[in-house]
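These notes concern the structure reproduced below.
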Amino acid sequence: MRTGFVGWRGMVGSVLRQRMLAEGDFTGLDPVFFSTSAAGGAAPDVGQGPATLLRADDVAALAGMDVILTCQGGDWTHAMYPRLRAAGWDGVFIDASSALRTADEATLVLDPVNRPVIDAALAAGCRTFVGPNCTVSLMLMGLVGLFRAGLVEWVSTMTYQAASGAGAAAMRELVAQMVALGQATAGLDPAGDILDLDAVVSATLASEGLPTQVFQAPLAGSAIPWVDRLVDGGQTREEWKGGYEANKIMGLRPPVPVDGICVRIGAMRCHAQAVTIKLTEAVPLATLERLIAEAHPWVDVVPNTPEATRAQLTPAATAGSLRVPVGRLRPLAMGPEYLTAFTVGDQLLWGAAEPLRRMLAILRGRL
Ligand code: HSE
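For what it's worth, my numbering labels the leading residue of the sequence shown as 10, then goes sequentially.
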């Protein structure tokens, strides 16, 4: 299967290559690497031997692919996808970006959650597959067991989103802010007045010199309750995606309302979210835990104890892992039909690269 990779050098593309190498996915594949900036240079060697980077705007070269997998971003997809289809290319397009997510011809892929939707789309001749928004994917990876059981009337999600969701520069900016705090406070007496320490931290966060080009505000030592741009009704686009994409991924009819507030916090690559679920009926907690845990092989129900929560249910504990822990499960004081939970997932794995890697494997009959 001749497979063209576009945007393989960025953060999601790099994680994708790392995962494909780890799983032996390049074996038997015929990979071709495209570049928007370095065509003619050497392609990365993933076992195919020496090869040259092709131009990522070369429609004829791209149209020679059976599959194109892009992590290049929405601008490239907006520019090239219509040209490829207009040129009669009917290969399979797999995209990490949000450019085509609302298109009728696109199926959102998250196979542990929606394999039947993917299989039905393939059977119906769908040729366009798109990775969903990371926050939505990670919420569904955690809670799909409850959706499948028809127990979810609505979900309110309050997110704690990592810097990686805003890109590589955002991760660097977060760490640069942490470094600035470390440097500013390094000379203080560790046994000194706590208010002196606090004053230095506050002054550093407020100072002109703090790098804030990406987030436009301090993120280290703070939180920013705004992700992406404003859409209608006071929602951010990230909040809107929660409802739209969750329903499209699972093909829910009638739709299940999903809404809340998306917040950026100073985690590196794991998004977390606190959810309130209105159940369609009161169900014993043990049954809910079983439904969540049995939904697919990657979800873990974390016991509601301080030790287990600290050890397993944090962004730091989940980074780099395909596990999706769900914990703090309990009925809320509002009544037995109100369930709360906290869930975490690696934004670059299940939130971005892994569903695309697996879609390629599904096409090859390997999953
Ligand atoms: N929009 C997400 C975020 C990442 O900013 O965290 C991409 O899904």
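By construction, the Cβ of each residue, glycine as well, lies at the ideal position given by its N, Cα and C atoms.
Nothing here was measured: the structure is a model prediction, and the numbers come from that model.
Whose CA, out of the options, lies closest to the CA of residue i?
i, options, result
"VAL153", "ALA362, ARG367, LEU369 and THR352", "THR352"
"LEU261", "GLY269, GLY252 and MET180", "GLY252"
"LEU38", "GLY243, ARG26 and ASN142", "ARG26"
"ARG273", "ALA215, PRO40 and GLY230", "GLY230"
"ALA325", "LEU190, GLU346 and ALA281", "ALA281"
"LEU160", "GLY329, ALA320, LEU228 and LEU294", "LEU294"
"VAL284", "ALA291, THR296, GLY269 and MET277", "GLY269"
"GLU346", "VAL68, THR45, LYS250 and TRP163", "TRP163"
"PRO266", "TRP249, ALA158 and ASP207", "TRP249"
"ASP84", "LEU219, ALA276 and GLY16", "GLY16"
"LEU65", "ALA232, LEU219, GLN81 and SER44", "For clarity, residue 65 is Ala in the given sequence; the question names Leu instead. Per the Cα distances, SER44."
"SER168", "GLY275, VAL210, THR221 and ALA133", "One detail in the question is off: residue 168 reads as Thr in this sequence, not Ser. Answer by Cα proximity: GLY275."
"ARG332", "LEU338, ARG339 and GLN321", "GLN321"
"GLU254", "PRO334, MET20 and VAL139", "VAL139"
"VAL310", "PRO334, GLY243, PRO263 and ASN123", "PRO334"
"THR194", "ALA185, GLU182, ARG366 and ALA208", "ALA208"
"SER211", "TRP235, ALA132 and GLN186", "GLN186"
"LEU348", "THR166, ARG124 and VAL55", "THR166"
"GLY374", "GLY176, ALA350, ILE127 and SER330", "ILE127"
"LEU442", "LEU30, VAL188 and ASN256", "Lying before the first or after the last residue shown, residue 442 is absent from the chain, which here runs from 10 to 376."
"SER46", "ALA31, PRO53, PRO141 and LEU62", "LEU62"
"GLU182", "LEU219, VAL24, ASN123 and GLY329", "LEU219"
"ASP104", "LEU149, PRO53, ILE203 and VAL76", "VAL76"
"GLU316", "ARG337, LEU357 and THR296", "ARG337"
"MET150", "ARG367, ALA350, PRO121 and LEU204", "PRO121"
"ARG339", "ASN313, THR318, GLY329 and ALA200", "ASN313"
"ALA350", "LEU357, THR318, GLY329 and PRO199", "THR318"
"LEU357", "ALA175, PRO263, ALA95 and THR36", "ALA175"
"TYR177", "THR36, MET20 and PRO263", "For the record, residue 177 in the displayed sequence is Ala; it is not Tyr. The candidate whose alpha carbon is nearest that of ALA177 is MET20."
Whole angstroms are fine: how far does the CA of residue j sit from the CA of residue i?
i, j, result
"ASP355", "CYS279", "4 Å"
"ALA361", "ASP113", "21 Å"
"ALA171", "ALA226", "15 Å"
"ALA48", "THR79", "16 Å"
"ALA129", "GLU217", "54 Å"
"VAL223", "THR327", "25 Å"
"GLN57", "LEU239", "45 Å"
"ARG110", "GLY82", "13 Å"
"LYS287", "GLY33", "42 Å"
"LEU376", "LEU369", "9 Å"
"GLU290", "ARG299", "16 Å"
"LEU341", "ALA302", "20 Å"
"LEU206", "GLN192", "12 Å"
"ILE258", "ARG246", "17 Å"
"GLY97", "ARG136", "12 Å"
"VAL292", "GLN244", "31 Å"
"LEU197", "VAL184", "21 Å"
"ASN142", "MET277", "17 Å"
"TRP307", "ARG18", "27 Å"
"PHE102", "VAL24", "19 Å"
"ARG366", "ASP237", "26 Å"
"MET29", "GLY242", "41 Å"
"SER106", "ALA115", "12 Å"
"LEU131", "LEU372", "9 Å"
"GLY201", "THR36", "60 Å"
"PRO199", "THR221", "28 Å"
"ARG124", "GLY134", "15 Å"
Can you list, in chain order, the residues of its chain whose CB lies under 6 Å from that of residue i, leaving out five sequence neighbours each side?
i, result
"MET74", "ARG11, GLY13 and GLY100"
"GLY22", "GLY16 and CYS80"
"MET232", "Per the sequence shown, residue 232 should be read as Ala rather than Met. Cβ neighbours of ALA232 beyond the five flanking positions: VAL272 and ILE274."
"MET89", "none"
"ALA179", "ALA172 and VAL223"
"LEU214", "PRO227 and GLY230"
"VAL41", "GLY13"
By Cβ distance below 7 Å, which residues in the same chain neighbour residue i in space, the five residues on each side in sequence not counted?
i, result
"SER146", "LEU119, TRP359, GLY360 and PRO364"
"THR323", "VAL353"
"LEU93", "VAL68, LEU71 and ALA72"
"ALA304", "VAL153, GLY154 and ARG157"
"LEU190", "VAL210, THR213, ALA229 and GLY230"
"TRP235", "THR245"
"ALA52", "PHE42, ALA60, THR61 and LEU62"
"SER330", "ASP355"
Below 8 Å CB to CB, which residues in the same chain sit around residue i once its five sequence neighbours on both sides are set aside?
i, result
"HIS87", "ALA108"
Taking 7 Å as the line, does the beta carbon of residue i fall inside it for any heavy atom of the ligand COA?
i, result
"GLU182", "With respect to small molecules bound, the structure shown includes the ligand HSE and not the ligand COA."
request  = Please specify which runs of the alpha helix (DSSP H), each continuous and at least 4 residues long, are wholly inside the region 196-253, giving them in chain order.
outcome  = 203-215
request  = Let me know the beta strand (DSSP E) ranges lying completely inside the region 316-364, each 3 residues or longer, listed in chain order.
outcome  = 333-341 and 344-355
inquiry  = For a minimum of 4 consecutive residues, which ranges assigned as the alpha helix (DSSP H) are wholly contained in the region 61-98?
reply    = 68-71 and 83-95
task = For the region 155-203, list the beta strand (DSSP E) runs that are entirely contained and at least 3 residues long, ordered along the chain.
result = 161-169
Runs of beta strand (DSSP E) wholly within the region 257-295 (minimum 3 residues, chain order) = 267-270 and 279-288
ask   = Considering only residues of the region 99-139, which uninterrupted beta strand (DSSP E) runs meet the minimum length of 3 residues and lie entirely inside it, listed in chain order?
value = 101-104, 115-117 and 137-139
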